[in-house]
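Chemist: If you read the sequences in order, they're chains P and C. If you count the first sequence from 1, you need to add 121 to reach this note's numbering. The numbers in this note's numbering rise by one with no breaks, and the one at position 327 of the second sequence is 316. Following this message is one structure expressed as structure tokens.
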Amino acid sequence: MDSTYLKRIIKTIGKENVITEYEDRICYSYDGTFQRGIPEVVVFPGNTGEVAEIIKLANIEHIPVSPRGAGTGLSGGSIPEAHGIALVLTRMNKIKEISKEDLMAVVEPGVITGHFHQEIEKMGMFYPPDPASLKTCTMGGNVAENAGGPRAFKYGVTKDYVLGLEVVTPTGEIMRTGGRTVKNVTGYDLTRLLTGSEGTLGIITEITVRLLPKPKDKKTALVYFDQLKDAAKTVTSIIYEGVIPATIELMDRVTINCVEKYTKQGLPLDVEAILLMEVDGSPAQVAEDIQIIEDVCKRNNCRNTEIASAYEERERLWKARRAVSSAIVQLKPTKISEDATVPRSKIPEMVKSLKEIGTKYQLHLPVFGHAGDGNLHPNILADKNDHDEMERVEKAVGEIFQAALALGGTLSGEHGIGIMKKPYLQWELGEVGLNYLRAIKKAVDPNNILNPGKIF
Amino acid sequence: MEYKYQDILKKCSRCGGCQAHCPLFAETGREPYVARGKIELIENLQASNIQWNDRLAEIFSTCLLCGSCSENCPNEVEVVKLVQMSRKDLMAARGLPIIKKNIFQHLLKYDGRLKTVGKLLAFYQKSGVQKLARGTGILSLFPMQLAEKERILPRISGKAFRDTYPDETGLKSPRLKVAYFTGCVTNLVTPKVGASVLKVINSNNVEVIIPKQYCCGVPALASGEIGVGKFLAEENIKYFKDLDVDYIIMDCATCLSTWLEYPELLKSQDAEHLAKKVMDINRFLIEVIDIKLNPPQELGIKVTYHDPCHLKRTPGGKSNPRELLKHLNPNYQFVEMALADRCCGSAGSFNLTHYDLSQKVAKHKIESIAKSKAEIVASACPSCIMQLNHSLQNSGSKVEAKHVIELVAECYK
């Protein structure tokens, strides 16, 4: 990198906020995938003005910039694949405003999602998006990737809560989109365009989100099924009855066996599926909903049902689900976590296809995930040092995507396209769709500065 | 790095979950200082993309070995082992810093010399012959102000604890017999803790032997000087293996955790056998002795408890010290504080080599202690207690850090 350019960056944001040593830069070459790209420099701007300044400089020198939050992404979105600058937004981590009157909050992109949850819940409010990495991941990253989570079934995903943004454009200007109101149809909906744009269309420097009142009560049910199809039917029946649980999590037999081997909590090993469901709302509503769920489960031949309302008891029921991640890596160390999503009614067919793909390529492929919104997480367990196996993984992943698309689903429910799913994008969008994306990108980023090579 | 460590490495998925639990990441916000960054660097070292150099030495020395990351890791990556083994590789590639080499090779391996240095240091501190220390240049190796260095250095006791007490206490018909591994800090810095242990144990009709012993080896092991660590472990095993005792008790959580690693380090049956007898003093008093106390006065002094990283993950490591403190009611009133099990930032010599960062980590603890309104913070690891007292003084607090056993001993005349 040109040393005069580096000097200008250092002058803009201070020496202590610029990393140039190779060993340190290696630590910004990764995210939650096995993709890598070592940046030439890592910068930690402290405010919007500094971000804009860096982007302007990058445009003069034609240096690519990859925005980054906590680096927990699962699609390679923040990997500095084109080297250049890794622009880390974690220093911009202030919660600027929480308004109970307007039910909204304004945050900087580096605010940690879990920390934001705590702060607003103290005030009796609720922000539903809850990606699994919430203790670490940032609000900016959540918006850039349009993150979801188990509560998406009832409450939707990040885009359903973003009201407005402040963005540094790919050419270094500062722009505001949306605002503080739920209703806003002024101009194109740029807020939605930027939410899920994976750092290619702008750098998010401030986020306005809407909030909900915190639900007053919660109940959890853990239900065992001898037949997977009965579990799947239960999910559809519950919705038929007009109950929308906050979460419906499914675990298949392979997953249950792994968890039991690991936690020894006494799960039955001969069941084909476990459903973990949580309802929230007013105490009366929750009581009624859980009763309906229990009845539906019984009608659908469940083996037995455990119900809990106290926090400790609910946590006990969640224990199996929370142990899944650690349990399955006991099979093989490298976990390839996919998030192909299908319409809810197609879950049984998708599970069947996944099993067939696993057998065909002789891979460990436990299935668990958010059954309520069709966002199953097929996880392939492999060993990244076993090249033959990794080749089979690649083929299996391709087939998983084909299966999801054939069922009317999508490549990615919540992880994003990034680098990982880029080769498959055309299957879903077609040439016309891809060209539309390319045209937008070219119009706003003529020098191809922001996160080049991502998505398409 | 040995093969089994490869398996640990492979488990890390780079999910970044460690960021939420690492006290050093909380202060620095930088990836090289969190487990995932170090693991990426280890893999790059193994692939020969990078070689050990000053920067890597600094990065790998910047870890408290507190294990919070592993404890919360979904894949249970054993980060402490990886960092220790990396320090070993670093040492093999570049050697130890001169100061540490001298300490390990010439002091720790000879109990007598360590004592002599202790006496010199005590003389220095009492007589104020500052030229002595300034002249040797030892203090200049640590990056902080001279005044700070002199203040954080432990106030060495003039006489080593083990020299002031007989090897056996000689009870007539004791209900149990234990060997006491005192650890270096109790021996050289806080003999009062040792005296408290003896008083409490004897009062419960348990015979105590204080055998010849060496440093447990942790300063060497944590720095990657595995050879010296093994030597010390073997010496200790030698002096303890033929004793006819029911338990080996310790007041230091760090010594305890090191002893628990002896079997893996030495792969000997003796080590395996002895590690089973090792027991923290709190656990011994609660679980074995089932101690009954008659606290003397009704003062109701509020006491809170700090979990040493090395104790909290052992069986009953969290519950027993608290249980013991509750036994001191009404003399002492136990209050729980927030972040009780967060690392205090001491981490052996980390508080000397990374003074500012260590104090930043401690600050959270000091704030928690203040919020608890406790007048005393009890703990069960002498080095945590030294760090806590230093940081409390820094913040102008009147709270004092003490070993749990010191408070228990007050119940006995």
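A virtual CB, placed ideally from N, CA and C, is assigned to each residue, including glycine.
Applying the criterion that 16 or more other CB atoms from any shown protein chain within 10 Å of the CB defines a buried residue, is G126 (chain C) buried or exposed?
Modeler: For the purposes of this step, residue 126 (chain C) is identified with residue 137 of the second sequence, where counting begins at 1. Residue confidence for G126 (chain C) is low, a pLDDT of 49 falling below 50, so the modelled location carries little weight; the figure read from the coordinates is stated next. Looking at its Cβ environment, which holds fewer than 16 other Cβ atoms inside 10 Å, G126 (chain C) is exposed.
Chemist: Please classify M244 (chain P) as buried or exposed, where buried requires at least 16 other C-beta atoms within 10 Å of its C-beta.
Modeler: One-based indexing of the first sequence puts residue 244 (chain P) at position 123. Exposed, since its Cβ has fewer than 16 Cβ neighbours within 10 Å.
Chemist: Who does D233 (chain C) pair with in a DSSP beta bridge?
Modeler: Working through the second sequence from its first residue, we reach residue 233 (chain C) at position 244. In DSSP, D233 (chain C) forms no bridge with anything.
Chemist: Determine which residues of the stretch 33 to 56 of chain C have a Cβ less than 7 Å from any Cβ of chain P, and write them out in chain order.
Modeler: Residues N33, I39, R44, L45 and I48.
Chemist: Answer with yes or no whether the minimum CB distance from R164 (chain C) to chain P is below 9 Å.
Modeler: If you number the second sequence from 1, residue 164 (chain C) lands on position 175. It does not; no Cβ of chain P falls within 9 Å.
Chemist: Would you mind listing the alpha helix (DSSP H) stretches within the stretch 201 to 227 of chain C that are 4+ residues and don't spill past its ends, in chain order?
Modeler: As far as the stretch 201 to 227 of chain C is concerned, its whole alpha helix (DSSP H) runs of at least 4 residues are 207 to 211.
Chemist: If we call anything under 9 Å between Cβ atoms a contact, is R297 (chain P) one with V288 (chain P)?
Modeler: Walking along the first sequence from the start, residue 297 (chain P) turns up at place 176. Walking along the first sequence from the start, residue 288 (chain P) turns up at place 167. Their beta carbons are under 9 Å apart, which means R297 (chain P) touches V288 (chain P) by this criterion.
Chemist: So, is the C-beta of E408 (chain C) closer than 9 Å to a C-beta in chain P?
Modeler: The structure shown does not extend to residue 408 (chain C), since chain C spans only -10 to 402, so no value can be given for it.
Chemist: Any idea if K575 (chain P) is buried or exposed, counting beta-carbon neighbours within 10 angstroms, 16 or more meaning buried?
Modeler: As a position in the first sequence, residue 575 (chain P) is number 454, starting the count at 1. Flag for K575 (chain P) reads buried.
Chemist: Can you check which of these residues, P:N568, P:R443 and P:I184, is closest to L371 (chain P) by C-alpha distance?
Modeler: Residue 371 (chain P) sits at position 250 when you count from the first residue of the first sequence. Of P:N568, P:R443 and P:I184, the residue nearest in Cα terms is P:R443.
Chemist: For S318 (chain P), I'd like the list of residues in its chain whose CB is within less than 8 Å of its CB, leaving aside the five on either flank, ordered along the chain.
Modeler: In the first sequence, the residue the question calls residue 318 (chain P) occupies position 197. If we look at S318 (chain P) and ignore the five residues flanking it on each side, its Cβ neighbours are A265.
Chemist: Three Cβ pairs or more, each shorter than 8 Å: is that satisfied between the stretch 38 to 51 of chain C and the stretch 166 to 182 of chain P?
Modeler: Because the criterion of three Cβ pairs below 8 Å is not met, the stretch 38 to 51 of chain C and the stretch 166 to 182 of chain P do not touch.
Chemist: Looking only at C-alpha atoms, which of C:N378, C:C4, C:N320 and C:H392 sits nearest to S368 (chain C)?
Modeler: In the second sequence, residue 368 (chain C) corresponds to position 379, counting from 1. Of the listed residues, the one whose Cα sits closest to S368 (chain C) is C:H392.
Chemist: What's the gap between the Cα of E515 (chain P) and the Cα of I538 (chain P)?
Modeler: Taking the first residue of the first sequence as position 1, residue 515 (chain P) is located at position 394. Taking the first residue of the first sequence as position 1, residue 538 (chain P) is located at position 417. One C-alpha to the other measures close to 15 Å.
Chemist: How far does the beta strand (DSSP E) with F150 (chain C) in it extend, from its first residue to its last?
Modeler: Numbered from 1 along the second sequence, position 161 holds the residue referred to as residue 150 (chain C). Unbroken run through F150 (chain C) is the alpha helix (DSSP H), F150 to T153; no beta strand (DSSP E).
Chemist: Taking Cβ-Cβ distances shorter than 7 Å, what residues in chain C pair up with R313 (chain P)?
Modeler: Here residue 313 (chain P) refers to the residue found at position 192 when the first sequence is read from its first residue. Neighbours of R313 (chain P) on chain C: none; closest Cβ ~27 Å, over 7 Å.
Chemist: If I measure Cβ to Cβ from V139 (chain P) and keep anything under 8 Å in the same chain, skipping five residues before and after, which residues do I get?
Modeler: Here the question's residue 139 (chain P) lines up with position 18 in the first sequence. These residues qualify, in order along the chain: L127, I130, I131, V162, V163, V164 and F165.
Chemist: Where do the N-terminal and C-terminal ends of the beta strand (DSSP E) with Q322 (chain C) fall, by residue?
Modeler: Within the second sequence, numbered from 1, the residue matching residue 322 (chain C) stands at position 333. Taken as a continuous stretch (DSSP letters only), the beta strand (DSSP E) holding Q322 (chain C) covers Y321 to F323.
Chemist: Candidates C:L30, C:C58, C:V68 and C:E60: which alpha carbon is nearest A46 (chain C)'s?
Modeler: Taking the first residue of the second sequence as 1, we reach residue 46 (chain C) at position 57. Considering only alpha carbons, the answer is C:L30.
Chemist: Determine the direct distance from the alpha carbon of E399 (chain P) to that of L245 (chain C), and round the result to whole angstroms.
Modeler: Residue mapping note: residue 245 (chain C) aligns to position 256 of the second sequence, counting from 1. Residue mapping note: residue 399 (chain P) aligns to position 278 of the first sequence, counting from 1. Looking at the two C-alpha atoms, the distance is approximately 43 Å.
Chemist: Looking only at its chain, what residues have a beta carbon closer than 8 Å to the beta carbon of G124 (chain C), apart from the 5 residues adjacent to it on each side?
Modeler: Along the second sequence, read from residue 1 onward, the residue named residue 124 (chain C) stands at position 135. Low confidence applies to G124 (chain C): its pLDDT is 46, below 50, so where it sits in the model is not reliable, and the reading given next is rough at best. For G124 (chain C), where only same-chain residues beyond five positions count, there are no Cβ hits under 8 Å.
Chemist: Could you tell me the alpha carbon to alpha carbon distance between G159 (chain C) and L313 (chain C), rounded to whole angstroms?
Modeler: Position 170 of the second sequence, counted from the start, is the residue given in the question as residue 159 (chain C). Position 324 of the second sequence, counted from the start, is the residue given in the question as residue 313 (chain C). Rounded to the nearest angstrom, the two C-alpha atoms are 26 Å apart.
Chemist: Skipping 5 residues on each side, what residues in its chain have a beta carbon closer than 6 Å to that of P469 (chain P)?
Modeler: Here residue 469 (chain P) refers to the residue found at position 348 when the first sequence is read from its first residue. The answer, listed in chain order, is K350 and A353.
Chemist: Can you tell me which of P:T426, P:N422, P:T384 and P:T279 puts its alpha carbon nearest to the alpha carbon of H536 (chain P)?
Modeler: In the first sequence, counting from the first residue as 1, residue 536 (chain P) sits at position 415. Residue P:T279 is the option with its Cα nearest to H536 (chain P).
Chemist: Mark T376 (chain P) as exposed unless 16 or more other C-beta atoms lie within 10 angstroms of its C-beta, in which case mark it buried.
Modeler: Within the first sequence, residue 376 (chain P) is the residue found at index 255, counting from 1. Under this definition T376 (chain P) is a buried residue.
Chemist: Restricting to Cα atoms, I'd like to know which of C:V72, C:P200, C:I280 and C:A390 is closest to N378 (chain C).
Modeler: If you number the second sequence from 1, residue 378 (chain C) lands on position 389. Looking at the Cα atoms, C:A390 is the closest of the given residues.
Chemist: Answer with yes or no whether the minimum CB distance from C4 (chain C) to chain P is below 9 Å.
Modeler: Here residue 4 (chain C) refers to the residue found at position 15 of the second sequence. Judged by the 9 Å Cβ criterion, C4 (chain C) is in contact with chain P.
Chemist: Could you tell me if I181 (chain P) is buried or exposed, where buried requires 16 or more neighbouring beta carbons within 10 angstroms of its beta carbon?
Modeler: Counting from one through the first sequence, the residue named residue 181 (chain P) turns up at place 60. The residue is exposed, with fewer than 16 neighbouring Cβ atoms inside 10 Å.
Chemist: Give, in chain order, every residue of the stretch 125 to 147 of chain P whose Cβ lies closer than 9 Å to some Cβ of chain C.
Modeler: Answer set for the stretch 125 to 147 of chain P: I140, E142, Y143, E144, D145 and I147.
Chemist: Check whether the Cβ of T355 (chain P) sits closer than 8 Å to any heavy atom of the ligand ATP, and report yes or no.
Modeler: Among the components of this structure there are no ligands whatsoever, and the ligand ATP is therefore not found.
Chemist: Under 9 Å, Cβ to Cβ, is there at least one residue of chain P near R19 (chain C)?
Modeler: Residue 19 (chain C) sits at position 30 when you count from the first residue of the second sequence. At least one chain P Cβ lies under 9 Å of R19 (chain C).
Chemist: So, are the CB atoms of E549 (chain P) and H498 (chain P) less than 9 Å apart?
Modeler: Start at 1 with the first residue of the first sequence, and residue 549 (chain P) comes out as number 428. Start at 1 with the first residue of the first sequence, and residue 498 (chain P) comes out as number 377. Taking 9 Å as the Cβ cut-off, E549 (chain P) and H498 (chain P) do not qualify as a contacting pair.
Chemist: Between G192 (chain P) and chain C, is the shortest Cβ-Cβ distance under 9 Å, so that the two count as touching?
Modeler: In the first sequence, the residue the question calls residue 192 (chain P) occupies position 71. Yes, G192 (chain P) lies at the interface with chain C (some Cβ there is under 9 Å from its Cβ).
Chemist: Do the stretch 307 to 327 of chain P and the stretch 258 to 277 of chain P touch if we need at least three Cβ pairs shorter than 8 Å?
Modeler: Contact holds: three or more Cβ-Cβ distances are below 8 Å.
Chemist: Among the residues of its own chain, which have a CB less than 6 Å from the CB of G385 (chain C), if the five just before and after it don't count?
Modeler: Within the second sequence, the letter at position 396 stands for residue 385 (chain C). There are no such residues.
Chemist: Specify, as a first and last residue, the run of the beta strand (DSSP E) that H392 (chain C) falls within.
Modeler: Residue numbering aside, residue 392 (chain C) sits at position 403 when the second sequence is read from its first letter. E389 to H392 is the span of the beta strand (DSSP E), which, as asked, contains H392 (chain C).
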